[in-house]
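Top to bottom, those sequences are chains A, B, C and D.
With full-length UniProt numbering as the guide, the letters of the first sequence map in order to residues 1 to 343.
With full-length UniProt numbering as the guide, the letters of the second sequence map in order to residues 1 to 343.
With full-length UniProt numbering as the guide, the letters of the third sequence map in order to residues 1 to 343.
With full-length UniProt numbering as the guide, the letters of the fourth sequence map in order to residues 1 to 343.
Note that beta-carbon positions come from the ideal geometry of N, C-alpha and C, so glycine has one too.
Number of protein chains: 4
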Amino acid sequence: MTFRVAVAGCTGYAGGEALRLLLSHPDAEIGALTAGSSAGSRLAEHQPHLRPLAGRTVAETSAQNLAGHDVVIMALPHGTSGALAAELPDDVLVIDCGADHRLADPAAWQQFYGSPHAGSWPYGLPELPGQRDKLAGARRIAVPGCYPTTATLALLPGLTSGLIDGRDVVVVAASGPSGAGRAPKPHLLGAELMGSASAYGVGGVHRHVPELRQNLTALGAEDPSVSFTPVLVPMARGILATCTAPVARPTDAEEVRRAWRDAFADEPFVELLDEGAWPQTQHVIGSNAVHVQVALDEAAGRIVAVAALDNLTKGTAGGAVQCLNLALGLPERTGLSTIGVAP
Amino acid sequence: MTFRVAVAGCTGYAGGEALRLLLSHPDAEIGALTAGSSAGSRLAEHQPHLRPLAGRTVAETSAQNLAGHDVVIMALPHGTSGALAAELPDDVLVIDCGADHRLADPAAWQQFYGSPHAGSWPYGLPELPGQRDKLAGARRIAVPGCYPTTATLALLPGLTSGLIDGRDVVVVAASGPSGAGRAPKPHLLGAELMGSASAYGVGGVHRHVPELRQNLTALGAEDPSVSFTPVLVPMARGILATCTAPVARPTDAEEVRRAWRDAFADEPFVELLDEGAWPQTQHVIGSNAVHVQVALDEAAGRIVAVAALDNLTKGTAGGAVQCLNLALGLPERTGLSTIGVAP
Amino acid sequence: MTFRVAVAGCTGYAGGEALRLLLSHPDAEIGALTAGSSAGSRLAEHQPHLRPLAGRTVAETSAQNLAGHDVVIMALPHGTSGALAAELPDDVLVIDCGADHRLADPAAWQQFYGSPHAGSWPYGLPELPGQRDKLAGARRIAVPGCYPTTATLALLPGLTSGLIDGRDVVVVAASGPSGAGRAPKPHLLGAELMGSASAYGVGGVHRHVPELRQNLTALGAEDPSVSFTPVLVPMARGILATCTAPVARPTDAEEVRRAWRDAFADEPFVELLDEGAWPQTQHVIGSNAVHVQVALDEAAGRIVAVAALDNLTKGTAGGAVQCLNLALGLPERTGLSTIGVAP
Amino acid sequence: MTFRVAVAGCTGYAGGEALRLLLSHPDAEIGALTAGSSAGSRLAEHQPHLRPLAGRTVAETSAQNLAGHDVVIMALPHGTSGALAAELPDDVLVIDCGADHRLADPAAWQQFYGSPHAGSWPYGLPELPGQRDKLAGARRIAVPGCYPTTATLALLPGLTSGLIDGRDVVVVAASGPSGAGRAPKPHLLGAELMGSASAYGVGGVHRHVPELRQNLTALGAEDPSVSFTPVLVPMARGILATCTAPVARPTDAEEVRRAWRDAFADEPFVELLDEGAWPQTQHVIGSNAVHVQVALDEAAGRIVAVAALDNLTKGTAGGAVQCLNLALGLPERTGLSTIGVAP
């Protein structure tokens, strides 16, 4: 089958990555490309790497310009996708790469975003138990945040196996600045970031905190707690999340390893690495793969799981394409690679 | 006063940094420069940035070549400084940048290093309560590991104030590869590290774990536990440590901030940043400064402290010079800057 | 058609990149993977990003282990491919990513490599005039050096149009360290390269100089001269070559642009960018694309052409696959992308 | 002697670097700190590494606020320093880090900047023959551009010795983005620059071209020509310039080396490296040193000189302090280091 897809927000990093992936998706026909203030310019000015689309003109983001497509991928600023989606027919598959429809709890949304809640859509993390069923045939999908995807997948086997229980989870995640988008802000300048690491959104205030808690709850945790600290490091792409949680019951290294291995055995994109190998973001860049490794720290009474993924691919646009495949009934791997561009 | 100083291990990163600092120390007269396999070569081959010493010839590391100095700084592979120091007179100030004499507990040494314990020297972290008195006049000093220095300083006010108690500490620290030294190993190649983040020594096996526990104990913790994960990121220098611990008693943001501010009020090198500012390694590169910020995450029940320092300066050679000043009765700041080379 | 392909030197960067590309080549069946000292280990230890091949065992590089394949790609140290190829049947397609068979002139080889000349094979730069005919059906192909590929393509239109004549060409090319291979050498350590740029092989001594001259001659230059300086910069992959040559006759910007546009009009992988856009290595990473831009500097009397490519893809393994396609009669683009992984 | 110095433009990279150096200048008393739109904010918001000045408030840039100082260092946008300087007394030393007063030729200014010429001040490159005399006692000084400083020093010995004559000079210089300043522009975002190299200002249009020609003329060249291409590479600081020119008369490697060695023999900041060693920006970061190496490429008939410096130090603020020392009659090295922060 062929589907016709529009990308709203085609000039940013998430939109560009969606187009990069769609260009090698055998069933995709790329339709409208829309944006805000850049409407009227050539796509080549914004995405010089997407040569096959170089001559395309960027249209303005509007329901009218997005009409007539089977799929609309939205890579828009927070707070704008809800109203736009409401203008699109119900049988159009709308995939929102933004945050607007990720949280089920309006109070959590209000607390962290401070604006009215746009409502909740099926959550586009197929690896959650039972989630593939919810995504099959869905016509509205909320792509998870890049940090929640990374940390949730790292910890998932611990929760489903009962080895951890979602109490006192600590996540520290190193990330490149592409996740912050393309708007020119002084603290995202190359000269500020090269050769430097810095923490931000510390102390429970990052907007991905309620989404992390929501995911832990979805995995069976009761009243989970998460201390989450993102760290900006000098690489364009990639997230490496170090996730630890207290063991919920006596266990040993073998049982821990078995839990993680079993949980991912049938996953097309998540892999537990060989013993002794630890994830490195380089190995997943440009791919939809997630590399995971786990250790039991008996002295600290904690399990430590580390996951690496590409924040723009599996963390955003690759996750979107994976969900698109599920929603349209295509093989889940279609158009998605598991092989990173390394070194 | 002028002191005559030799540097053993002058061709590596720590030795080079010690020389860089000593070249601007007003009281230092740089004597013998020694190394292992590079003996006989010109220093310029190894440390092209140290132009004033370019013409110096590297001597072989031996007690004979190190004789006749007031101070000997050792930047040697683990396991070698003990025997060498034993051959030097007791009134020579020997500062060991390596691990050999950091741990007081022979069992901990044995467990993590697997070799006979060389014994314990005064621990070169002047910011520990009462430690300056122990370093004044000392003639043997063990410079702390770079990660323990960072994490200990980040958490110190929490322990001395009783806001945390050393239970269930989690430390995740991003670091550049200069801390791993100059020996050519495949995983330290530029092509492997650029554009990539990776964890190593995960699960309680890193050799700095017992040193971290020792420091927490020195700060009053009973039976502390630490989950420590180092993360290699693409910058030559710098450590950014994210350190969290459960609050030990009810508190609020103001009390937390006050504890951190008071603890560092008289410290010459450790600074609590303004509210809202978070440490960035760039701001301390090349300096002996430590930038710290702290937040209370009430939902998670944890205090999060973040510290940045230069692993080669305050984390190794700058810490060594700071101790040298204390041991010789010089002003503690002599020859040390608090201003990083940024951007 | 399906072909069975072996990769000799599978543990290095060039071999790994060949495998990355072959894994998405629809006609390739990946056979033997061989190496030198790593024989017996799992491929996952060396190429963690190539998950579909993670379980493969590395065999020893030998004619015996390479037998029974339609294609053998060699990514071996210089000086070793000739003898090995001699042991393989004539009807096996052997593609040498090393330097051994690039130079037609034994004296040039002798001068720059100092060892006996292994002989010359068809030169794997399909963009040279008439070269595709020579590669069609070939069974021995020498993949060009990464710098010569970049600079030759940048300057090609100037020579074929007669706007430049190969006199006094100056090439300065920034490159990442992956081109230097995976052998651990001190000057390739991450700590040495991050945040730093350095020149090497300056003054006409780099081994790619005779190859550059050979290519300029192939493009019609009589007795060309090239000043070539490679510059190592802190990025894992990519080459950006700035190439300038005196204008050979009066011209103007429009004629220059037309010459470059026409020369690449039918090329599948080489693109002249829009006016005002200049090549950036990020835009071609992981792809076989070459981005080129050109300017006429009237005051200096020189044409300046800048080209960007991925040294491991179009510069090595992608070029090899492109040649493989031509030699086997497959569509030239098969298995090769023109879209870089940006940002 | 003590001098009181104001810095106009204290929130940018050049102003920050000037303050970093002045903080360790034994004779400097730091007075007013001024800026444009940031007036009223604390300096710590903009320059977190300058801790001793953290509590200072930024004043508005005006003649009134700059009054009462012995020295005013201007690090302002192009086109603004002339009018401001005119309001300051003649006996105040005004050092302009911007371009406004570098060019002696109004037509060249007009061609490259398109605005009225502000006039010419003594050119702050002390290494030019006879220039120190012109700077001694000067009260208006124009600090050179960072690229012209690098390339001029690299080539200087060739011109003063007559080995090159300024014909057909080609300069390709790799630089980090700090030279482009702190204004947030999309193409300077970290995600755009990391892992990527790109050329800009190609074809003789960069504003440093007329300054380069002016310097070559000052060194004796008649009607020099320069092809100049700047290349942005992923490092915060540093310039590595590869500079080549045809030999003007028969020569050999020994004579070339002697010319370069002799020219720099008495220079406090410029050093010809040992034979076989090539400049690396890392080795000069944070220092006022310039590292130079030279080779004769007999086959190409060109001399190739490579120079490395820190664009913010010797390339801007360090050059300013060096000139300040000369103008005030202080030892030229005061407050300036020749030792880079490496690795």
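Buried or exposed, going by whether 16 or more other CB atoms sit within 10 Å of the CB of C:Pro-224? Here residue 224 of chain C refers to the residue found at position 224 of the third sequence. Buried.
Just to check my reading of the structure: A:Ala-151 and A:Val-170 have Cβ atoms closer than 8 Å, yes? What is that Cβ distance to the nearest angstrom? As a working note, residue 151 of chain A is residue 151 in the first sequence. As a working note, residue 170 of chain A is residue 170 in the first sequence. Actually they do not touch by this definition, with Cβ atoms about 10 Å apart.
For D:Arg-20 and C:Glu-45, I'd like the C-alpha separation in whole angstroms. Residue 20 of chain D sits at position 20 when you count from the first residue of the fourth sequence. Residue 45 of chain C sits at position 45 when you count from the first residue of the third sequence. If I take the Cα positions, the gap works out to 46 Å.
So, with DSSP's three-state summary, where would you put A:Leu-19? Start at 1 with the first residue of the first sequence, and residue 19 of chain A comes out as number 19. Reduced to three states, the DSSP call for A:Leu-19 is helix.
Is it true that the CB of A:Ile-95 sits closer than 8 Å to the CB of A:Ile-141? Counted from its first residue, the first sequence places residue 141 of chain A at position 141. Counted from its first residue, the first sequence places residue 95 of chain A at position 95. In contact: A:Ile-141 and A:Ile-95 (Cβ atoms closer than 8 Å).
Cβ neighbours of A:Thr-334 in the same chain (closer than 6 Å, five flanking residues each side left out): For the purposes of this step, residue 334 of chain A is identified with residue 334 of the first sequence, where counting begins at 1. So the qualifying residues of the chain are Asn-325.
Since I believe D:Leu-135 is in contact with D:Ala-218 (beta carbons under 8 Å), could you give me their beta-carbon distance rounded to a whole number of angstroms? Within the fourth sequence, residue 218 of chain D is the residue found at index 218, counting from 1. Within the fourth sequence, residue 135 of chain D is the residue found at index 135, counting from 1. Not quite, the Cβ-Cβ distance comes to about 14 Å (not below 8 Å), so this is no contact.
Beta-carbon proximity of C:Leu-273 to C:Phe-264, cut-off 8 Å: On the third sequence, position 273 is the one that residue 273 of chain C refers to. On the third sequence, position 264 is the one that residue 264 of chain C refers to. No, the Cβ-Cβ distance between C:Leu-273 and C:Phe-264 is not below 8 Å.
So if DSSP puts B:Ser-227 in a beta bridge, which residue, or which two residues, is it bridged to? By 1-based counting over the second sequence, the position of residue 227 of chain B is 227. Partner(s): B:Val-170.
Spatially closest choice to A:His-206 from A:Pro-148, A:Gln-280 and A:Ile-339, by CA coordinates: One-based indexing of the first sequence puts residue 206 of chain A at position 206. Ranking A:Pro-148, A:Gln-280 and A:Ile-339 by Cα distance to A:His-206 puts A:Pro-148 first.
Within 10 Å of its beta-carbon, does C:Gln-110 have 16 or more other beta-carbons around it, so buried, or fewer, so exposed? The residue you call residue 110 of chain C lines up with position 110 of the third sequence. The residue in question, C:Gln-110, is exposed, as its Cβ has fewer than 16 Cβ neighbours within 10 Å.
Under the assumption that C:Phe-3 contacts C:Asp-91 (Cβ atoms under 8 Å), give the Cβ distance between them as a whole number of angstroms. As a first step, residue 3 of chain C must be located in the third sequence, where it is residue number 3. As a first step, residue 91 of chain C must be located in the third sequence, where it is residue number 91. About 12 Å; that fails the 8 Å criterion.
Selection of the segment 188 to 199 of chain C by Cβ proximity to chain D, strictly under 7 Å: Ala-191, Glu-192, Gly-195, Ser-196, Ala-197, Ser-198 and Ala-199
Whole angstroms are fine: how far does the CA of A:Ile-30 sit from the CA of A:Val-120? As a working mapping, residue 120 of chain A is identified with position 120 in the first sequence. As a working mapping, residue 30 of chain A is identified with position 30 in the first sequence. The sequence as given places Ser at residue 120 of chain A; Val does not occur at that position. Taking the straight line joining both Cα atoms gives about 27 Å.
Unbroken stretches of the alpha helix (DSSP H), 4 residues or longer, contained in the segment 97 to 152 of chain C: 106 to 113 and 131 to 135
B:Arg-194, buried or exposed, once every other Cβ within 10 Å from all chains shown has been counted against 16: If you number the second sequence from 1, residue 194 of chain B lands on position 194. It should be pointed out that residue 194 of chain B corresponds to Met in this sequence rather than to Arg. Burial call: buried.
Near-chain B residues of the segment 132 to 156 of chain C (beta-carbon distance less than 7 Å), N- to C-terminal order: none
Which residues bound the beta strand (DSSP E) around A:Glu-271? Walking along the first sequence from the start, residue 271 of chain A turns up at place 271. Unbroken beta strand (DSSP E) run through A:Glu-271: 270 to 272.
Can you check whether the C-beta of A:Ala-174 is within less than 8 Å of a C-beta belonging to chain D? In the first sequence, residue 174 of chain A corresponds to position 174, counting from 1. By this cut-off, A:Ala-174 is not an interface position.
For C:Ala-173 and D:Val-247, I'd like the C-alpha separation in whole angstroms. In the third sequence, counting from the first residue as 1, residue 173 of chain C sits at position 173. In the fourth sequence, counting from the first residue as 1, residue 247 of chain D sits at position 247. Taking the straight line from one Cα to the other gives about 22 Å.
May I ask you to list the residues that DSSP assigns as paired with B:His-78? By 1-based counting over the second sequence, the position of residue 78 of chain B is 78. DSSP, once it has assigned bridges, lists no residue as partnering B:His-78.
What are the residues of the segment 226 to 243 of chain B that lie near chain C, defined by any Cβ-Cβ distance shorter than 7 Å? Pro-234, Met-235 and Ala-236
Can you pull the chain B neighbours of A:Trp-260, defined as C-beta to C-beta under 7 Å? Here the question's residue 260 of chain A lines up with position 260 in the first sequence. Those do not exist, as A:Trp-260 stays about 13 Å from chain B at its closest Cβ, beyond 7 Å.
For C:Gln-214, report the span of its alpha helix (DSSP H) as first-last. Working through the third sequence from its first residue, we reach residue 214 of chain C at position 214. 209 to 218 is the extent of the alpha helix (DSSP H) around C:Gln-214.
Nearest-angstrom Cα separation, counted from C:Ala-300 out to D:Cys-10: Your numbering for residue 10 of chain D matches position 10 in the fourth sequence. Your numbering for residue 300 of chain C matches position 300 in the third sequence. Cα to Cα, the separation comes out at about 37 Å.
Taking 8 Å as the threshold (beta carbon to beta carbon), is B:Pro-250 in contact with chain A? The residue labelled residue 250 of chain B in the question sits at position 250 within the second sequence. No, B:Pro-250 does not count as interfacial toward chain A.
Length-filtered (3 minimum) beta strand (DSSP E) runs lying within the segment 227 to 255 of chain A: 239 to 246
Using a cut-off of 9 Å between C-beta atoms, extract the partners of B:Arg-182 located in chain C. Translated into the one-based positions of the second sequence, residue 182 of chain B becomes position 182. Ordered by position in chain C, the residues that pass the 9 Å Cβ test against B:Arg-182 are Pro-186, Leu-189, Ala-191 and Glu-192.
What I want to know is whether the C-beta of B:Ala-8 ends up closer than 7 Å to one or more non-hydrogen atoms of the ligand NAD. Judged by which ligands are present, the structure shown has none, so any question about the ligand NAD falls away.
Below-8 Å beta-carbon distance, B:Pro-52 vs any chain C residue: Position 52 of the second sequence, counted from the first residue, corresponds to residue 52 of chain B. Not closer than 8 Å to any Cβ of chain C, the Cβ of B:Pro-52 fails to qualify, so no.
Please decide whether A:Gln-110 counts as near chain B, where near means a Cβ-Cβ distance under 8 Å. Taking the first residue of the first sequence as position 1, residue 110 of chain A is located at position 110. So, not an interface residue.
Is it right to say B:Pro-186 is buried, meaning 16 or more other beta carbons lie within 10 angstroms of its own, or is it exposed? Here residue 186 of chain B is taken as the residue at index 186 of the second sequence, counted from 1. Burial call: exposed.
Under the three-state DSSP convention, the category B:Ser-287 falls into: For the purposes of this step, residue 287 of chain B is taken as residue 287 along the second sequence, with counting starting at 1. Note: B:Ser-287 maps to coil in three-state DSSP.
Please confirm if the segment 227 to 244 of chain C is in contact with the segment 226 to 243 of chain D, defined as three or more CB-CB distances below 8 Å between the two stretches. yes
Inspect the CB distances between the segment 250 to 264 of chain D and the segment 152 to 163 of chain D and report whether three or more fall short of 8 Å. yes
8 Å is my cut-off, CB to CB: does C:Gly-15 come that close to chain A? Translated into the one-based positions of the third sequence, residue 15 of chain C becomes position 15. No, C:Gly-15 does not count as interfacial toward chain A.
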